[in-house]
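Taking it in order: structure first as structure tokens, then the write-up.
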Amino acid sequence: SSNATLPLTLTSVEQRAGVSNRVSSFVLPLGATVNMDGTALYEVVAVFFIANLTGVKLELMQQISVVFTALLASIGAAGIPHAGLVMMVIILQAVGLPTESQGLIIAVDRILDMCRTCVNVWSDSCGCAVIARFERNETD
461 SSNATLPLTL
471 TSVEQRAGVS
481 NRVSSFVLPL
491 GATVNMDGTA
501 LYEVVAVFFI
511 ANLTGVKLEL
521 MQQISVVFTA
531 LLASIGAAGI
541 PHAGLVMMVI
551 ILQAVGLPTE
561 SQGLIIAVDR
571 ILDMCRTCVN
581 VWSDSCGCAV
591 IARFERNETD
């Protein structure tokens with residue numbers, strides 16, 4: 461989903477935030493590929509929800525494992541709709557939860573996917589604005 465919003469995000473960042481095309485055309489496509497904050501948050505919360513719903517108590521080390529696995533999986537997630545569902549299988553397997561319990565999330569994933577995309581695009585835009593600001597300071 462992040463990739464689908466890329467043309468609009470480029471236009472918005474350049475026109476509204478005053479970021480140069482040189483910076484935005486490099487940072488935003490890179491961010492849409494590897495900066496998936498919303499996806500990482502979603503996967504952690506969803507796995508904790510599934511564990512709680514199925515009555516599995518995750519120990520502290522398992523919780524830490526979920527967080528780190530979600531961070532790594534979100535970097536490799538594609539910027540397409542429902543990519544987080546595919547990556548969630550990896551995390552569920554990492555902590556020993558049944559992968560079929562992912563079906564509990566599928567019913568509401570369309571709405572959650574829109575929220576994930578908003579977070580991903582917003583964080584890409586913020587990162588682009590910050591880098592543009594640093595770049596302006598270095599050239600002055």
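Residue 461 is where the sequence shown starts when you use this note's numbering, and the numbers rise one by one after that. Note that the Cβ used here is the ideal one computed from N, Cα and C, for glycine as well. As the structure is a computational prediction, the values presented were derived from the model and not from experiment.
Give the secondary structure of residue i by DSSP, where H, G and I count as helix, E and B as strand, and everything else as coil.
i	result
glutamate 519	coil
proline 558	coil
isoleucine 571	helix
asparagine 512	helix
Would you mind working out which of the options sits nearest residue i, comparing C-alpha positions?
i	options	result
leucine 564	Asn580, Ala477, Leu545	Leu545
isoleucine 490	Phe594, Ser585, Arg596, Asn597	In the sequence as displayed, the identity of residue 490 is leucine instead of isoleucine. Among Phe594, Ser585, Arg596, Asn597, the Cα nearest to that of leucine 490 belongs to Ser585.
proline 558	Ser462, Thr514, Arg593	Thr514
asparagine 580	Ala506, Ala500, Ser484	Ala500
isoleucine 571	Asn481, Tyr502, Ser472	Tyr502
leucine 468	Leu520, Trp582, Ser534, Ala592	Trp582
Look at the alpha carbon of residue i and the alpha carbon of residue j, and state the distance between them as a whole number of angstroms.
i	j	result
glycine 478	asparagine 463	21 Å
phenylalanine 509	glutamate 595	41 Å
alanine 554	serine 534	15 Å
Quick one: measure Cβ to Cβ for residue i and residue j, integer angstroms, because I've assumed they're closer than 8 Å.
i	j	result
valine 473	cysteine 588	5 Å
Segment contact, 8 Å Cβ cut-off, at least three pairs: the segment 478-498 with the segment 524-542: Contact holds: three or more Cβ-Cβ distances are below 8 Å.
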